[in-house]
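Numbering (the working numbering), first residue to last: 145 to 430.
Ideal placement from N, C-alpha and C gives every residue a C-beta, glycine not left out.
One structure is given below, encoded as structure tokens.
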Ligand SMILES: NC(=O)c1ccc[n+]([C@@H]2O[C@H](COP(=O)([O-])OP(=O)(O)OC[C@H]3O[C@@H](n4cnc5c(N)ncnc54)[C@H](OP(=O)(O)O)[C@@H]3O)[C@@H](O)[C@H]2O)c1
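This is the structure in structure tokens:
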């Protein structure tokens with residue numbers, strides 16, 4: 145698979161799917177209201193622009209151009225069956241979608257184990273996770289149990305299910321978001337960090353065991369990224385933007401890089417933190 149293409153194809157598929165689902169969600173067959181359509185377009189503007197941009201990058205066709213339909217038709221006529229055959233081959237090789245999977249389920253054997261993950265996937269990307277401060281977790285055992293379940297045990301169970309499906313098809317990519325918080329025992333993130341540390345080690349083991357069978361396990365270790373998870377927190381000067389982090393992760397997926405720090409500077413920060421003696425870790429609040 146050509147480098148760079150995966151990212152654009154992924155973006156076309158993801159944005160396309162989001163837009164399609166948003167249309168399906170509203171009762172569009174029965175709605176005949178101009179304001180409804182305008183509001184929809186306003187609300188989904190970012191995804192629509194993202195789709196148009198990714199489509200242009202992937203195909204060379206600008207959907208906003210006045211002659212876009214004519215150009216798409218012309219390309220189709222020109223390349224005819226050959227194009228169709230290539231598209232079918234591409235779709236066969238690369239399918240992407242979004243799935244909402246509840247990881248909070250508990251009570252004995254988790255239902256996460258019985259999830260039906262469709263066969264024929266090339267990559268599974270797990271971004272789900274929750275965060276709570278150390279103070280909040282120390283004050284609430286139920287919250288602690290829930291965070292450990294979502295960030296560790298149910299994520300591992302989900303990965304176990306996904307891994308089996310990927311391996312049945314000869315391999316693929318399992319990309320999972322862990323955290324730099326799992327690199328070292330740190331006062332502000334002891335419990336969250338422990339869950340992510342466990343997840344990181346689990347993913348490392350998977351990589352060791354299954355790489356030769358074609359399973360590429362990518363462990364993402366974000367530092368501070370400005371997302372809804374960190375909303376309201378004071379961002380450090382080296383905080384990352386979600387888009388840049390996503391680009392870095394997609395590059396790692398393309399290349400099969402087993403561990404990726406995002407933003408990249410966090411590799412250096414954590415190398416320093418890992419090297420600090422305990423006597424210093426006890427004194428600092430990082
Ligand atoms: N942002 C950072 O600075 C940072 C740093 C280190 C690591 N990370 C890790 O990076 C990953 C992505 O985080 P983010 O910053 O994008 O956070 P986010 O904006 O809060 O997104 C977290 C995602 O997890 C999903 N989620 C939460 N609880 C879930 C559950 N019980 N079952 C299934 N899905 C659930 C959320 O789904 P809904 O939208 O449906 O709630 C959301 O899509 C997480 O694993 C996080 O731990 C983030």
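query                                                                                                                        : result
Selected residue, minimal CA-CA separation from residue 347, among 335, 306, 256 and 409                                     : 306
Neighbourhood of residue 299 by C-beta, 8 angstroms cutoff - its chain only, sequence neighbours within 5 removed            : 247, 270, 272, 273, 320 and 343
Other residues of its chain near residue 166: CB distance less than 6 angstroms, five sequence neighbours each side excluded : 188
Pairwise C-alpha distance: residue 191 and residue 163                                                                       : 7 angstroms
Closer than 7 angstroms: residue 264 CB and nearest ligand 1 heavy atom                                                      : no
Cβ neighbours of residue 147 in the same chain (closer than 7 angstroms, five flanking residues each side left out)          : In this predicted model, residue 147 has a pLDDT of only 42, less than 50, meaning its place in the structure is not dependable enough to derive any value.
Bridge-paired residues (DSSP) for residue 365                                                                                : 405
Residue 345 versus residue 266: straight-line alpha-carbon distance, rounded                                                 : 23 angstroms
Near ligand 2: residue 366 beta-carbon under 7 angstroms from a heavy atom                                                   : As presented, the structure is devoid of ligand 2, carrying ligand 1 as its sole ligands.
8 angstroms Cβ cutoff met for residue 324 and residue 410                                                                    : yes
Below-8 angstroms beta-carbon distance, residue 244 vs any chain E residue                                                   : Going by chain labels, chain E is absent from the structure shown, which holds only one protein chain.
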